[in-house]
Every structure is written in structure tokens, then in C-alpha cells.
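The opening residue of the sequence shown carries number 1 in our numbering; numbering runs sequentially from there.
Quick reminder that beta carbons are idealized off the backbone N, C-alpha and C, glycines included.
Below is one structure, written out as C-alpha cells, with a few remarks after it.
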Amino acid sequence: MHQFGILEELLAIGREVEFGKSFDLEGREFKNSTKVQLLRKNHGSCPVAFHRAQLIQVLYNRLPTEAKEKVHLGKKLTSIEPNESGVAVSCADGSVYEGSVVIGADGVHSKTRHLVRQLALKDDPSRDWEPEEPFASSYKCMWASFMRPSEESGQNYDTQHQNKSAMYISGRERSWIFLYEKLPEPTINRASYSQKDIEKFSEGFMDFPLTGTLKVKDLWDKRLTAGMANLEEGVAEHWSWNRIVLVGDACHKFTPNAGLGLNNGIQDVVMLCNGLRKAVCDSSDGPSQGVLTEIFDEYQKVRTQALQSDASRSAGMTRMHAWENTKYYLLSRYIMSSPLVEHLLINILGARRMRESLVLDYVPCEEPMRGKVPWRHAMPEPVKSG
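In C-alpha cells, the structure reads:
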């Protein structure tokens with residue numbers, strides 16, 4: 001975000017998460033930790049909680065006028081037609097847009113992913129391709145946001161119970177709750193939940209403690225927004241075809257307990273941008289289909305390897321919080337809640353992963369985040385005048 005010139009604005013609307021606690025259903029605290037602050041020592045910052053809509057607003061506000069003119073809202077993708085030199089994208093309102101490539105960042109129910117599958121199998125029906133719905137859900141989640149109910153902020157608390165759990169995160173102005181429940185059976189079917197469904201679901205969580213003083217019932221009537229969805233999990237086998245490539249939840253989906261989905265989507269885009277820019281600079285008339293295929297294949301290979309541990313960590317945290325079985329119960333209550341274990345995970349395993357974070361290799365700027373763990377991919381240094 002610093003390379004986009006918006007880091008200071010994001011830090012002004014966000015809040016570093018510095019405190020963690022875990023409770024059982026009776027409100028008994030079995031974990032109280034500030035170990036997350038080791039991330040600031042190691043990498044220059046703790047995780048930052050902010051309202052995602054504000055992130056989108058900040059990104060849009062900083063676009064130059066000519067770029068804003070290329071942002072088209074209210075569009076519904078209907079088809080993609082590749083040709084030898086580019087692609088044409090058609091929308092439900094009859095509008096057509098042409099370009100060199102299509103990057104599908106359209107979420108877990110990606111229309112782009114569905115069209116890629118159709119095009120690839122139409123081109124070669126004998127191709128081995130994953131099912132149209134490649135992700136399965138074992139849990140569902142209801143979320144809601146509120147104006148922060150107390151002076152305390154920077155909290156990331158969880159409440160654990162068998163097959164159910166809750167999370168409470170407090171930011172600068174808002175707080176959020178996430179209520180999780182295991183589904184009776186895993187499903188690949190997309191679920192749509194009404195406000196009535198949300199109300200009924202919340203009733204089973206009203207007595208869940210969120211902090212030492214707040215329960216779900218204390219905040220529920222003060223909610224600003226609320227929603228519910230099944231939590232898809234998985235990594236797609238195919239991320240691209242021809243001149244079309246997927247990023248983020250369109251090709252890999254995590255449960256949100258560990259908060260790792262957004263960052264992995266951003267890392268996808270960064271790697272693609274680095275590869276595509278180099279290809280454009282190396283070509284006088286644009287990258288060929290062969291070059292694009294090489295870029296997309298390498299992108300999937302590298303990113304798949306990099307995100308496997310985050311996918312596993314996300315799945316494990318969801319199941320530990322919900323005490324899915326005896327193994328996860330013991331892990332959560334007696335191993336992962338240990339200060340020593342948490343210290344080792346952050347200082348060793350976590351540090352190794354985080355230092356590998358990618359940056360745009362063509363945008364010079366001063367590194368804003370410095371800690372005792374050096375970045376493997378440093379931001380390019382600005383050219384000094386004189």
C-alpha cells in the first residue's frame with residue numbers, strides 16, 4: 001500500500017491489532033496474549049484492522065482522473081471471447097470492452113472462473129478440468145459491524161465451543177463480530193441467506209461472550225451491517241487459460257479466522273503485475289500468447305506453493321476454535337494457547353513466511369516497515385538526485 005501512496009491514509013483509518021484473548025462459553029479466559037506485537041518488532045507493524053469499504057474508497061480516491069474514467073460500475077459479465085491479439089468482454093447491458101488480458105478478481109463465485117472452464121473444455125473436451133464448483137464448505141459464518149462499543153481497541157478475541165465459535169475485533173471506529181458454525185455436512189452448493197435466516201442464526205449465539213464484559217446480545221441491536229454465507233475452502237487446479245487469469249478468492253479460498261485471504265489476493269496481483277510489466281517492456285508490440293502462458297503458469301506455481309501454509313493455517317484455526325474433534329480441542333486449549341508455542345510460531349515459522357512477501361519491483365520508494373527480520377524482496381530504492 002505504501003507503493004500506491006496510500007499507507008498513511010490507511011493507517012489513519014485502521015488500528016493495529018495488539019491484544020488477543022480466548023474464552024470458553026462460560027466466559028472463562030484461557031488465553032491472554034500480546035505476542036502479536038512481536039510482528040511489529042520483527043516486521044515493523046502489527047496487523048491492521050480496518051473497514052474494507054474504506055480501503056476501496058481510499059484506493060479509488062487516489063486514482064488519477066484518466067484511470068477513474070475506466071472504472072465501470074454495475075456491470076454483469078456474460079462472456080469472454082479471446083482472439084490472437086487480445087480479448088473482448090461482453091456485459092449483460094450490451095457493452096463490450098476489449099483488451100490484452102482479463103484478470104478475474106471477481107471472488108469465490110467467480111463468473112470468470114466459470115467462463116474459463118467453459119472455454120477450455122470447448123477448445124478441448126478431453127481436457128482434465130476440476131468441477132464447476134471447486135470449493136467445498138464445512139462451516140458457515142455470520143458477520144456484523146458496529147460502532148466501537150468501548151474505549152478499548154486493537155483487540156482480536158475469540159470464544160470457543162463445540163462446533164461453534166465467535167470472534168470479536170475492535171478497530172479505530174468500528175468493531176466486528178464473526179459467528180461460526182459447522183455445517184451438518186460439507187457442501188459445494190452455494191447458499192443464499194435472508195435477513196430472517198440471519199436473525200434466527202444469531203439467536204443461538206446471544207449468550208456467547210465476546211470480551212470480559214460484552215456478549216453478542218449486548219451488541220446485536222446496534223449492528224450497522226450484517227450478512228451470512230457458507231465458507232468455501234480450497235485451491236483451484238487451474239488459474240488461467242489463454243489470455244484469462246484468476247486472482248484471489250476466484251482461485252483460492254480460505255476461512256477468515258486467521259485473516260489471510262485479502263493479503264494473499266494482493267500478493268497474487270503483485271506477482272502478476274511484476275511479470276506482465278516485464279513482458280510488456282521486453283516486447284515492442286505486446287506479449288505473445290506463448291509469453292503470457294509462461295507468465296501465468298509460473299504465477300500459479302509460485303503462488304500455490306506460497307499460500308499452502310496459509311490455507312492450512314486458516315483451516316486449522318477454524319477447526320480449533322470450533323473444537324471440531326478431540327485433536328483440535330487439545331491443540332487449541334493446551335498447545336496453541338501456550339505463550340511459548342505462540343512465541344515460536346510468530347518468531348520462527350511466521351517470520352519465515354512474512355519475509356517472503358512480494359512487492360512491486362518497478363515502483364521505487366523508501367521502505368516504511370522495518371524490523372529485525374529483513375525482507376527478501378526489498379522495495380526498489382528511489383534514485384537520489386545530485
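Helix, strand or coil at residue i [DSSP, three-state]
i    : result
I6   : coil
E396 : Outside the displayed span of the chain (1 to 386) sits residue 396, for which this structure offers no information.
D310 : helix
E387 : Since the displayed the chain opens at 1 and closes at 386, residue 387 lies outside it and no answer follows.
H377 : coil
W220 : helix
F146 : strand
I348 : helix
Closest residue to residue i among the options (Cα-Cα distance)
i    : options                   : result
A120 : T187, S175, L260 and I244 : I244
D361 : R353, M379 and C281       : M379
P47  : T255, K76, G171 and G212  : G171
E324 : E185, I198 and F254       : E185
H238 : R353, E130, L292 and K278 : E130
N264 : S165, L38 and A311        : A311
A387 : P64, G74 and D249         : Any question about residue 387 goes unanswered here, given that the chain covers just 1 to 386.
E84  : A351, A306, T225 and D285 : D285
E8   : A53, H43, R62 and T34     : R62
Q305 : R277, A322 and D268       : D268
D297 : G316, S240 and I335       : S240
F4   : P64, L25 and V36          : P64
V108 : G74, I56 and R190         : R190
L39  : E16, F30, E26 and N32     : E16
For residue j and residue i, the rounded distance between their alpha carbons
i    : j    : result
K217 : R28  : 18 Å
R370 : E356 : 14 Å
Y329 : E181 : 15 Å
S192 : E81  : 30 Å
Y60  : S150 : 31 Å
E342 : C365 : 33 Å
C281 : F146 : 47 Å
V270 : Y299 : 10 Å
P374 : K196 : 50 Å
D158 : R333 : 12 Å
S126 : I177 : 46 Å
A351 : G20  : 19 Å
R117 : L262 : 24 Å
I295 : K278 : 10 Å
E173 : L11  : 12 Å
M228 : N274 : 36 Å
M142 : N230 : 9 Å
Under 8 Å between C-beta atoms of residue i and residue j
i    : j    : result
Q155 : Y168 : yes
A136 : E203 : no
I188 : E98  : no
V96  : A88  : yes
S314 : A258 : yes
G94  : A49  : no
H43  : M354 : yes
Notebook entry, point to check: Three or more C-beta pairs closer than 8 Å, one from the region 210–224 and one from the region 102–115: is that the case here?
Noted result: no
Margin query: When you compare the region 206–215 with the region 57–74, are there three or more beta-carbon pairs, one atom per stretch, that lie closer than 8 Å?
Written below: no
Item checked: Sufficient close CB pairs (3 or more, under 8 Å) joining the region 333–349 to the region 286–297 -> no
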